[in-house]
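Going down the list, the protein sequences come from chains A and B. For the first sequence, my numbering assigns the number 1 to the initial residue and increments by one for each residue that follows. For the second sequence, my numbering assigns the number 1001 to the initial residue and increments by one for each residue that follows. Notes follow once the structure below has been shown.
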Amino acid sequence: AQSVAQPEDQVNVAEGNPLTVKCTYSVSGNPYLFWYVQYPNRGLQFLLKYITGDNLVKGSYGFEAEFNKSQTSFHLKKPSALVSDSALYFCAVRDAGSNYQLIWGAGTKLIIKP
Amino acid sequence: SQTIHQWPATLVQPVGSPLSLECTVEGTSNPNLYWYRQAAGRGLQLLFYSVGIGQISSEVPQNLSASRPQDRQFILSSKKLLLSDSGFYLCAWSDGTASGNTIYFGEGSWLTVV
C-alpha cells in the first residue's frame, strides 16, 4: 500500500539553528515527492518537489530537501531557522502512474523559538 | 501567471441548509481541479477531483457533491448540511498536461455548521 509518514507530530527548534522535518514514503514505481507549508488559517503553499535528477532539491524560503532512495526518505531542511518558519508542514507523494492524486502525510508542526 | 480564487472565506450555516463553495482558476486552461477538506487543522482528505468539464470523481461517499460547469470553475455543494460537514475546505488545481505536476491551493473556506 502506498503511504507517507511524518513521524514527528511537532518539531521545536531554536531560532538560528538548523531544522529538519522528516518524511518517509512507500510507493510503487518512482516517487514524485512534494513539500508544502501551511500558515494558520491559510491554504497550503508549495515549497519544493523532487521528480528526478539531483537528490538535493532547493525550494522557496531557503528550504531544501534530500531525496534518499535507499532509505525512502525526503527530509525537509533549512540551515538556519527563522521564527517566521513556524507553521505546519506537509509531505506528499504522487505515484508516477497517477496524474491526479497526492498521498499526504499527517503534517508536522514546526515551532521556532526566539 | 496563474491564480486561484475561492469563496466565501468563512461561513456559518445551520444544519440542514444548503451549501455552495465556489472556486475559479485564472491563467491556465484545462486544469485538474480538486476539493480537499482539512479537519482539526491537520490531515488532508481529497473529496473530489475533475479532469475536465462535467467530469467529477468522488473519493469519499458523503453528503457533498461537486460540479464543474466551466473549464476553470469548480463548485462544492450540499443540499442539506450536517454538523460533521464543518471544516476547512480547500480548492486546488494542477496542470492537466504535465506529469509530476504540482498542486496549487486556494486560501480555503472555513465552514461551521451549527
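Just so you know, even glycine gets a beta-carbon here, dropped at the ideal spot from N, CA and C. Note that this is a predicted model, so its numbers are computed, not measured.
Item, Value
"Going by C-alpha to C-alpha distance, which of Asn1030/B, Val1012/B, Pro1031/B sits closest to Ser1020/B?", "Val1012/B"
"Spell out whether any CB of chain B is found under 8 angstroms from the CB atom of Gln2/A.", "no"
"Can the beta-carbon of Cys91/A be found closer than 8 angstroms to that of Gln2/A?", "no"
"What residues in the region 25–45 of chain A bring their beta carbon closer than 9 angstroms to a beta carbon of chain B?", "Tyr32, Phe34, Tyr36, Gln38, Pro40, Asn41, Arg42, Gly43, Leu44, Gln45"
"Once DSSP output is grouped into helix, strand and coil, what is the label at Leu56/A?", "strand"
"For a cutoff of 8 angstroms on Cβ pairs, would you count Ile1075/B as touching chain A?", "no"
"Can you find a C-beta in chain A that's less than 8 angstroms from the C-beta of Leu1082/B?", "no"
"Would you verify that the beta carbon of Thr1028/B is, or is not, closer than 8 angstroms to some beta carbon of chain D?", "The structure shown contains no chain D; the protein chains it does contain are A and B."
"If you drop the 5 nearest sequence neighbours on each side, which residues of the same chain put their C-beta closer than 7 angstroms to that of Leu56/A?", "Glu64, Glu66"
"Within 10 Å of its beta-carbon, does Ala81/A have 16 or more other beta-carbons around it, so buried, or fewer, so exposed?", "buried"
"How about Phe1074/B and Ser1058/B: are their beta carbons less than 8 angstroms apart?", "no"
"Hey, does Gly53/A have any beta-carbon neighbour from chain B nearer than 8 angstroms?", "no"
"Answer yes or no: does any C-beta atom of chain A fall closer than 8 angstroms to that of Tyr1089/B?", "no"
"To the nearest angstrom, how far is the alpha carbon of Lys1079/B from that of Tyr89/A?", "34 angstroms"
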